[in-house]
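Residue numbers (the working numbering), protein chains in the order written: chain A, 1 to 369; chain B, 370 to 689.
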């Protein structure tokens with residue numbers, strides 16, 4: 001996938017943490033880009049490296065025990081090679097971030113207005129009074145009622161959704177070009193989740209921001225992202241437009257994620273299918289395809305060969321790192337869509353040798369999201 | 370808030386009554402000596418002892434004595450007179466108070482400054498040579514008894530007996546009102562000795578708190594806002610990590626204001642602590658009672674101040 005003209009371009013990023021137990025391969029050679037006004041969704045379980053990648057973009061993983069390689073190009077500047085002071089100037093100004101738990105992310109001892117004013121005055125030469133007025137404006141912008149009063153309240157006096165709105169206001173205070181939202185709705189009620197996503201989408205269109213939204217919930221990015229990168233064990237295993245991910249997902253892990261979203265259009269009796277097993281240790285990663293111990297369709301050879309992210313035939317812009325032949329993948333997904341159990345699909349994977357996958361299967365069943 | 374303070378003050382008064390009653394009872398159940406015997410001289414005759422006993426009111430039952438004592442205290446703010454030398458207890462305590470207050474508050478300044486600075490640097494530069502050295506030193510300072518540390522300080526640095534004649538030695542205390550310069554120099558060693566273990570405890574307390582706070586989400590937010598690391602640590606980190614230090618300081622200062630027995634004894638400072646020690650030796654009930662009440666009073670007041678202060682430090686705390 002080409003990331004030319006992207007506002008942010010991450011190239012072959014690797015982040016390793018040296019710990020007493022060994023080297024944690026948190027991010028292992030990932031590349032992605034996001035353009036102005038567009039939204040990239042990064043999806044994966046906890047421990048898949050999605051947050052570390054974003055924190056590294058902000059320069060927040062720097063430390064003696066961290067090893068980083070690759071490049072993070074932001075407006076022509078490589079953030080990995082920027083000085084601490086250069087990064088500090090960009091943080092909170094050009095690139096802003098919001099986090100998962102809005103209560104613990106706001107300082108409990110300072111008023112919300114104070115915290116908003118602080119971020120403005122860290123980057124702009126603006127009087128306290130002007131910053132205060134702008135803080136009220138920002139709270140109004142993110143839909144907080146009675147902002148005049150709210151601005152001088154403490155975070156604990158806000159509800160969960162209001163706190164996340166306040167966090168968003170803080171992130172937007174300096175009109176950043178890129179907003180990174182790390183699980184922005186995970187700690188919130190379902191109804192509030194939808195409001196926050198709608199707010200992010202609306203503000204993005206108004207401010208022409210690029211947005212990276214990190215989540216474990218494909219349902220969240222379906223609403224808002226233009227493109228989706230699915231991460232597993234520190235790597236991107238599938239990358240495509242949102243439409244394509246939902247129309248013709250290629251990776252067994254993506255299937256697992258899709259099948260574990262509760263949906264209203266599925267008969268009530270049908271069970272959600274969880275992904276078996278647990279995320280792998282990032283210190284001792286499984287050999288070959290990192291997903292093979294949990295993959296229902298894994299072949300013996302998959303524990304020896306390490307798949308690379310490769311274009312999916314006939315689907316421009318769609319990349320996947322899977323050792324199953326494309327035809328087999330298409331057929332299994334068709335079966336899964338038809339409601340056949342993974343066990344049956346596994347049989348199918350075994351009947352088609354991996355080498356013969358280039359020919360298209362006779363019946364291709366494709367379903368929308 | 371006002372309601373809360375009024376309630377706390379009333380509780381404090383009740384507590385002081387309880388403390389005074391307990392002191393009385395303990396004195397009667399477990400007397401350190403017979404006060405009348407002590408006053409009667411080397412070869413007292415029974416008549417003299419009886420007359421002294423009557424004179425001091427010791428021949429009455431304890432509750433009558435207690436009633437008389439409390440009547441004087443509540444109605445006339447009269448703490449009674451010393452059994453040993455007939456000096457007014459109130460006068461005696463107030464004349465001793467400035468020395469103890471000088472010692473306790475000065476030491477508090479020393480230990481808070483050292484504790485906060487060392488604790489902060491140790492937390493930020495964790496596992497550095499500075500951290501290892503100061504935390505090792507802290508262990509020594511906590512373990513060393515103050516009287517030993519005091520004697521060591523005198524042995525090394527006192528201007529009279531010391532190896533390196535640096536500071537005025539024991540018994541050099543001068544009231545602040547008399548000579549501020551001498552007051553200051555004479556208290557340098559006592560302050561450092563008294564502050565040593567507290568500084569160590571506070572440095573460890575702040576270090577542990579700050580390390581925890583620096584991994585909080587709101588510190589990550591502060592960094593994500595593009596604040597300087599200095600501001601992240603000072604305004605966001607320490608601000609949150611300091612609250613337990615404030616409450617501990619309030620309690621500790623309260624306790625010390627009631628008398629710093631060991632350090633006052635080593636440096637021969639005429640404070641409340643020495644008064645407590647002497648009055649217990651002499652079975653001087655009014656003096657014991659007075660000093661215990663003063664000590665309890667400071668503890669109650671300092672606790673109240675800390676609790677009220679807490680509402681200002683931590684906006685999440687609300688009193689009703």
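For glycine and all other residues, C-beta sits at the position ideal for the given N, C-alpha and C.
query                                                                                                                                                                                     : result
Excluding the five sequence neighbours on either side, which residues of its own chain have a C-beta within less than 6 Å of the C-beta of residue 113 of chain A, listed in chain order? : 135, 151 and 152
Are residue 323 of chain A and residue 302 of chain A closer than 8 Å when you measure CB to CB?                                                                                          : yes
Is it a yes or a no for the segment 18-30 of chain A touching the segment 212-223 of chain A, going by three-plus beta-carbon pairs under 8 Å?                                            : no
Apart from the five residues on each side of it in sequence, which residues of its chain come closer than 8 Å, Cβ to Cβ, to residue 360 of chain A?                                       : Any answer about residue 360 of chain A is weak, because its pLDDT of 40 lies below 50 and its placement is not dependable; what the coordinates show is given next. The residues are 327 and 330.
On a CA-only basis, which of A:155, A:209 and A:199 is nearest residue 223 of chain A? Give me that one, please.                                                                          : A:199
So, for residue 373 of chain B: in the same chain, excluding its five sequence neighbours on each side, which residues have a beta-carbon less than 6 Å away from its beta-carbon?        : 688
Considering only the alpha carbon of each residue, which of B:613, B:612, B:580 and B:484 lies closest to residue 602 of chain B?                                                         : B:580
In terms of residues, what are the limits of the beta strand (DSSP E) holding residue 34 of chain A?                                                                                      : 22-34
Which same chain residues end up closer than 7 Å to residue 92 of chain A when comparing Cβ atoms and leaving out the 5 residues on each side of it in sequence?                          : 119, 122, 123 and 174
Whole angstroms are fine: how far does the CA of residue 627 of chain B sit from the CA of residue 570 of chain B?                                                                        : 20 Å
If you follow the alpha helix (DSSP H) that residue 253 of chain A is part of, which residue opens it and which one closes it?                                                            : 252-259
Could you tell me the boundaries of the alpha helix (DSSP H) in which residue 632 of chain B lies?                                                                                        : 630-635
Which residues in chain B have a C-beta closer than 7 Å to the C-beta of residue 123 of chain A? List them in chain order.                                                                : 595
Starting from the N-terminal side, write out each stretch of the alpha helix (DSSP H) that is 4 residues or longer and does not extend beyond the segment 617-679 of chain B.             : 630-635 and 641-650
Tell me the residue span of the beta strand (DSSP E) that contains residue 13 of chain A.                                                                                                 : 8-19
Hey, out of A:43, A:41, A:191 and A:47, whose CA is closest to residue 24 of chain A's CA?                                                                                                : A:47
Touching or not, the segment 530-540 of chain B and the segment 648-664 of chain B, by the rule of three or more beta carbon pairs under 8 Å?                                             : no
Spell out whether any CB of chain A is found under 8 Å from the CB atom of residue 500 of chain B.                                                                                        : no
Determine, using beta carbons only, whether residue 683 of chain B comes closer than 8 Å to chain A.                                                                                      : yes
Among the residues of its own chain, which have a CB less than 6 Å from the CB of residue 378 of chain B, if the five just before and after it don't count?                               : none
Given this structure, state the Cα-to-Cα distance separating residue 369 of chain A from residue 243 of chain A, to the nearest angstrom.                                                 : Confidence at residue 369 of chain A is low in this model, with a pLDDT of 38, below 50, so its placement is unreliable and the value that follows should be read with caution. Cα to Cα, residue 369 of chain A sits roughly 8 Å from residue 243 of chain A.
Can you find a C-beta in chain B that's less than 8 Å from the C-beta of residue 370 of chain A?                                                                                          : This structure cannot speak to residue 370 of chain A, because chain A is shown only from 1 to 369.
Step through the CB atoms of chain B and report whether any lies within less than 8 Å of the CB of residue 375 of chain A.                                                                : With chain A covering only 1 through 369, there is no way to say anything about residue 375 of chain A.
What is the residue span of the alpha helix (DSSP H) that residue 222 of chain A lies within?                                                                                             : 218-224
Please compile the residues from chain B whose C-beta is within a distance smaller than 9 Å of the C-beta of residue 139 of chain A.                                                      : Here the premise fails: no neighbours, minimum Cβ distance about 16 Å.
Output needed for residue 197 of chain A: all residues of its chain with C-beta closer than 7 Å, excluding positions within five of it in sequence on either side, in chain order.        : 185, 220, 223 and 224
Closer than 8 Å, CB to CB, is residue 587 of chain B near chain A or not?                                                                                                                 : yes
Taking the alpha-carbon positions, what's the residue 685 of chain B to residue 450 of chain B distance?                                                                                  : 48 Å
Kindly indicate which three-state DSSP category residue 360 of chain A falls into: helix, strand or coil?                                                                                 : With a pLDDT of 40 at residue 360 of chain A, under the threshold of 50, the modelled position of that residue is not reliable, and the figure given next carries that caveat. The answer is coil: DSSP assigns residue 360 of chain A none of H, G, I, E or B.
Hey, residue 70 of chain A and residue 234 of chain A: beta-carbon distance below 8 Å or not?                                                                                             : no
Should residue 216 of chain A be flagged as near chain B, meaning a C-beta pair shorter than 8 Å?                                                                                         : no
When we look at the beta-carbon of residue 380 of chain B and count the other beta-carbons within 10 Å, is it buried (16 or more) or exposed?                                             : exposed
With DSSP as the reference, please indicate the residues paired to residue 536 of chain B in a beta bridge.                                                                               : B:527
Quick one: Cα of residue 370 of chain A to Cα of residue 8 of chain A, how far?                                                                                                           : Here chain A comprises residues numbered 1 to 369, so residue 370 of chain A is not present and cannot be evaluated.
For the putative contact between residue 523 of chain B and residue 540 of chain B, defined by C-beta atoms under 8 Å, what is the C-beta separation to the nearest angstrom?             : Their Cβ separation, rounded to whole angstroms, is 10 Å, which puts residue 523 of chain B and residue 540 of chain B out of contact at 8 Å.
Tell me which residues share the same chain as residue 417 of chain B and place their Cβ nearer than 6 Å to its Cβ, disregarding the 5 neighbours each side in the sequence.              : 409
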